[in-house]
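As numbered in numbering that gives the first Met the number 0, residues 0 to 109 make up the sequence shown, in order.
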Amino acid sequence: MHRFRTRTELVRPRGIRVTSDDRSFCRFDVRWTFSALGDDHCHVDFALDCTSRSLFLFPVVEMLVLPMAASMVTAFETRAHALAARAGVGKAPALDASPDAEVPAGGARP
0 MHRFRTRTEL VRPRGIRVTS DDRSFCRFDV RWTFSALGDD HCHVDFALDC TSRSLFLFPV
60 VEMLVLPMAA SMVTAFETRA HALAARAGVG KAPALDASPD AEVPAGGARP
């Protein structure tokens with residue numbers, strides 16, 4: 000398994016940006032953007048842009064991008080649900096791992 004370092008930056012008030020200067024990539028950029036939808040929901044936009052430096056690894060990176068994106072969104076939603084439950088928002092319904100999903104501000108979908 001290949002490991003690499005990333006830098007995560009909170010872009011207040013509506014986003015998160017994850018970048019990497021790892022030599023394996025020409026470009027690695029993940030952006031989360033949050034837009035309010037009423038008082039208790041938000042729209043979550045997830046964008047992943049990465050390009051491998053190695054022509055040999057390019058097909059492997061391409062094959063892993065979609066599962067990695069889905070995994071990141073699922074992990075984010077799981078954490079949001081845990082924080083919402085701790086805050087007393089209530090139990091959230093089951094989620095799909097779509098990278099472009101509407102999620103309530105407290106972490107639970109309608």
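Note that CB positions come from ideal geometry on N, CA and C, so glycine has one too.
- For Arg26, the enclosing beta strand (DSSP E) begins and ends at Phe24 to Leu36.
- Between Leu36 and the set Pro58, Leu47, Leu54 and Arg13, the nearest pair of CA atoms involves Arg13.
- Taking C-beta atoms under 8 Å as the contact rule, Thr50 and Arg26 qualify, at a distance of about 5 Å.
- Between Met67 and Leu82, the alpha-carbon positions lie close to 23 Å from each other.
- Note on Glu76: 16 or more other CB atoms within 10 angstroms of its CB, so buried under the neighbour-count rule.
- For Thr73, the enclosing alpha helix (DSSP H) begins and ends at Phe57 to Arg85.
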